[in-house]
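Enquirer: Can you read through this structure? Questions will come right after.
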Amino acid sequence: MDDKPPKASGFWGGLLRRGSSATADAKAKPTSRKAKDAAPRPRRPPPETSAMARPRDADTRPRRRRVTRFSDNVDAEASASSGRESPLTPLTEWPPAGTSLHELSREQAIALIARGAPSHKGYRRAVPHVSHEFYALYAASSGNSRGNRETTDRANLHDTMVQLMTFRMAGPGEISSPWSTLEQPSCAYQYGARPGTITLNHWASMVSEFPERISLRDSGITPRPLTLEQVFERLQELQSERDDLDEGTLYRTLYKRILRDPDRILSPRKSLEKQITDLIMALSRPHWIDFTDPKNQVVTRFIFDPFPEDHDEYLAFFHQLLLGVELNVRIHNKQHSDYAKDKLLQQIPPTIRWTLALARRWSDYVRVDHYSAIVDDVKLRFKLKKRQSKMLKRFATTLKWPNLNETLDAVQRIENEPAFDAASSDAFAFFSGLVLPGPTFPFLIMNTLIDTDPDEATNELALLTHLHPNCGFQYRSSYTYWTTSCIVGKVLAPTCQTLAGWVGPACPTANLGRSQIARIRARKPKQVLQREDVESMGERSDPLGPPSNVYPVEEYVLVTPNANLGTPPDTARVELLTLREVPVLDPTQPPPGPKLFDATIQIAVDGVSWPLRLAYDVSFVNAWPCLDGPHPLFFDYIYQRITIDQILGVRDWAGLYKKSGSARSARSTPMPMVHGGNGRKEGGVAQDIEQQDDEEVLVVEAFGVPDHEVLARAWCAHWGVSAVVADVNKTCMACAIRECYAAALTVLILVDDASNRKYE
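Mapping the sequence shown onto full-length UniProt numbering, position 135 (from 1) lands on 135, and the numbers just tick up by one.
Here is the structure:
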């Protein structure tokens, strides 16, 4: 895919400031552990299981670079090339009974091995208006179509109540690709279907290189000065404005009341293209609010409960909003094709696109009922208030809010009130729907719940903000609640509910006050994905292995977990959540805001308590589901399988600390070997389980109670290794191992939700 940025010309070339903060020197990249400098993955000798198992000449089977569409479909390829149907029953042996072939053609291999197995592809796209040093990375998975049934690794936006976190630039409709949203990385592709996980696409997008901001040259075009009454008069008119108005009508309205037309006499700017250009130029003035700045993304703070001295700021906000609505009306006029709109929206600078997003949210959800020249006389009506009230009730009920009954009564009163008087700017944003996409929404809904709760103890929770996302709080000493971006929330999620970007109710802690906020300190993991890893994802995780003319049967093996072999071990229980306050540099002048803590999870393993420090902000990638599993695994995808009762004997799996000699630090105290009904000795010390190859995947079978998955995740956070998490009822072991190779990860956590439900 071409990664050269498009050249700006004409209007765009003059508008965008070159050599600004968007241009930076190329950043030095550490050596990619997985990409191997774009060289083919080293081949190991094939298993000598028979005389037919013979090595292939590397020259006859080179690595291929596959350039495909975002939604490439392996099933379609298999059906078109072989005409064979997928097996009616899952494979129980390899090769399948009745198969006498020792070598398979590509068509036969696709039908027997790759049918229903997801394939993963990485993509790189250029970022408009900046140099090639910046790029966006994405990952797509496909190949396991279930007819009309959607198959995906991401959570449903409606079920998880995060639909306001994302924004499709082209207008209402299905978000079919992660680059079609305003916010990047796309929140529509952020949350995995399993609690506390992310998608493979989000894992890839996290290593994109975006400029901090793109500065605009002052266009010099000044809109007409407007009074507050004139602004709201036009906003009220736009509530009923049709999207098929002709250019002449839109021209007269725009240049008579909003802008000035310098060519009015000789060559009036009647075309929609010229009107759009003038509105973009007017919005390019530096004095407008920059909504790309996270500090400005709770937009209602500019208009909530204004004082008389705030009149100018209040008017400026709505003046900018009016220009955005006027621009939105012209871009989405029916005279423009979808393709033209999409191309235009991609080229509009980010600061103006965020103003457009605010304009769309206003047009969709807010109505002006009354206005005058006085701020106090402005009356707004929120179309979403009833829906948001129901959402807030569900949020509080699902998270088992401690003061639930009184809080639900307060929400009901808000729902019944004709005129809504918001308790805070966050509540104003939540009930009005004036929510910009991105990470603000989880904090808006939680702060709204806190503000609605009549208990005075909630005053201690008033400083929750999206500017410090790695946080949580304790309320009434009953429960703790954590964001899904916080490592504590990621680890405890299997034992909690996950909704609207929050994890809870989780176990309380004695290290916080009765009601107190805690920010969690966690280091960045040393194990990071590189751009080369994303771009070579398809090659490194192909179900068939490297391309060839023939595919010997002996080079594949059927791997299955031990989920059904006896009773899963029941050896671990989460005991305590311990928070240790991080000392401040100057105790006499502590920094403002919530305190910073280090987190530790104490887990009882076969009756012995073991603390695991949540020292690293690792991620857990939800595995993409497969169809017609289990699938055979190519022999070059190597792995080592352990059960959950062996994980504490594994130290420094990814080899991240060997060079520094810290693998034998205090954090690697000998861990216990616990019995799990498999004949191991009880109470002994585990022997170290070591990684034999830097690509070898550690497969952890965390079957049984949800605490086992918590133990596996806590171990990952302790050692700083991210992992793929797969439910064996949805993803077979072979496909999950391949996804580890796709994501350049070396840990796979296998769970069995069917068995977990027996222990709930």
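Note that CB positions come from ideal geometry on N, CA and C, so glycine has one too.
Quantities reported herein were computed from a predicted structural model and do not represent experimental measurements.
Cβ of P128 within 9 Å of Cβ of Q346?
Expert: yes
Enquirer: Hey, which unbroken runs of the beta strand (DSSP E) at 3 residues or more fall wholly within the stretch 102 to 163?
Expert: 119 to 126 and 135 to 142
Enquirer: What's the C-alpha gap between G196 and L492?
Expert: 8 Å
Enquirer: Should the stretch 727 to 741 be called in touch with the stretch 554 to 562, which here means at least 3 C-beta pairs below 8 Å?
Expert: Between the stretch 727 to 741 and the stretch 554 to 562 there are three or more C-beta pairs closer than 8 Å, enough to call the two in contact.
Enquirer: Under a three-way DSSP split, which group does Q691 fall into?
Expert: Residue state, collapsed to three classes: coil.
Enquirer: Taking the DSSP output, what are the residues bridged to P611?
Expert: Q602
Enquirer: Contact between the stretch 635 to 653 and the stretch 594 to 612: three or more CB pairs below 8 Å?
Expert: yes
Enquirer: Could you tell me which of L576, V618 and V621 sits nearest to S609, measuring between CA atoms?
Expert: Each of L576, V618 and V621 was checked against the Cα of S609, and the nearest Cα belongs to L576.
Enquirer: Just to confirm my understanding: we take I450, look at its own chain, exclude 5 residues before and 5 after, and list those with CB closer than 6 Å. What are they?
Expert: Cβ-Cβ distances below 6 Å link I450 to T458 and L461 in the same chain, with the five nearest sequence neighbours on each side left out; the list follows chain order.
Enquirer: Ends of the alpha helix (DSSP H) at D581?
Expert: Checking the sequence shown, residue 581 turns out to be Glu, not Asp. Where E581 is concerned, there is no enclosing alpha helix (DSSP H), although the beta strand (DSSP E) it sits in stretches over A572 to E581.
Enquirer: Within its chain, find whatever has a CB closer than 8 Å to the CB of E406; leave out the 5 residues flanking it on each side and keep chain order.
Expert: D453, P454 and D455
Enquirer: From the DSSP output, in three-state form, read off K379 for me.
Expert: strand
Enquirer: I need the straight-line Cα distance from P583 to P590, nearest angstrom please.
Expert: A direct Cα-Cα distance of roughly 9 Å separates P583 from P590.
Enquirer: Helix, strand or coil, according to DSSP, for residue 763 in the structure here?
Expert: Since the first and last residues shown for the chain are 1 and 760, residue 763 lies out of range.
Enquirer: Within 10 angstroms of its Cβ, does R252 collect 16 or more other Cβ (buried), or is it exposed?
Expert: exposed
Enquirer: For Y339 versus E229, is the C-beta distance shorter than 9 Å?
Expert: no
Enquirer: Since F302 and F317 should fall inside the 8 Å C-beta cutoff, what is the C-beta to C-beta distance between them, to a whole number of angstroms?
Expert: About 4 Å; that satisfies the 8 Å criterion.
Enquirer: May I ask whether a heavy atom of the ligand GDP can be found less than 8 Å away from the beta carbon of V699?
Expert: Although the ligand GDP was asked about, the structure shown includes no ligands whatsoever.
Enquirer: Does the beta-carbon distance from R531 to R124 come in below 9 Å?
Expert: yes
Enquirer: Which runs of the alpha helix (DSSP H) fall wholly inside the stretch 358 to 403 and span at least 4 residues, in chain order?
Expert: 385 to 398
Enquirer: Do you know how far the Cα of W362 is from the Cα of D369?
Expert: 14 Å
Enquirer: Distance check for Y741 and L408, CA to CA, integer angstroms please.
Expert: 47 Å
Enquirer: Compute the beta-carbon to beta-carbon distance between I414 and S389, rounded to the nearest angstrom, for a pair I have assumed lies under 8 Å.
Expert: 6 Å
Enquirer: Identify every residue that forms a DSSP beta bridge with R519.
Expert: C471 and L596
Enquirer: Which stretch, first to last residue, makes up the alpha helix (DSSP H) that contains D426?
Expert: S425 to S432
Enquirer: Ends of the alpha helix (DSSP H) at Y741?
Expert: M733 to A743
Enquirer: Can you tell me which residues form a DSSP beta bridge with I198?
Expert: For I198, the beta-bridge partners assigned by DSSP are Y191 and V621.
Enquirer: Buried or exposed for I644, please, with buried defined as at least 16 other CB atoms from any protein chain shown within 10 angstroms of its CB.
Expert: buried
Enquirer: With residue 768 and E739 assumed to form a contact (beta carbons below 8 Å), what rounded beta-carbon distance in angstroms separates them?
Expert: The shown model of the chain, from 1 to 760, leaves out residue 768, and the question about it has no answer.
Enquirer: Taking C-beta to C-beta, are H332 and G173 nearer than 9 Å?
Expert: no
Enquirer: My guess is that L327 and L279 are in contact by the Cβ rule of under 8 Å, so how many angstroms apart are they, rounded?
Expert: With 8 Å as the limit, L327 and L279 qualify as a contact, their Cβ atoms being about 4 Å apart.
Enquirer: Enumerated in chain order, which unbroken segments of the alpha helix (DSSP H) with a length of 4 residues or greater are wholly contained in the stretch 322 to 363?
Expert: 338 to 347
Enquirer: Take L393 and list the residues in its own chain whose beta-carbon comes closer than 7 Å to its own, dropping the five residues that flank it on each side.
Expert: First, the amino acid is wrong: residue 393 is Lys here, not Leu. Cβ within range, chain order: L408 and V411.
Enquirer: Let's see if you can read the secondary structure: which residues bound the alpha helix (DSSP H) around R540?
Expert: M537 to R540
Enquirer: Would you decide whether N549 is buried or exposed? Buried here means 16 or more other CB atoms lie within 10 Å of its CB.
Expert: That one is exposed.
Enquirer: DSSP on A510, reduced to helix/strand/coil?
Expert: coil
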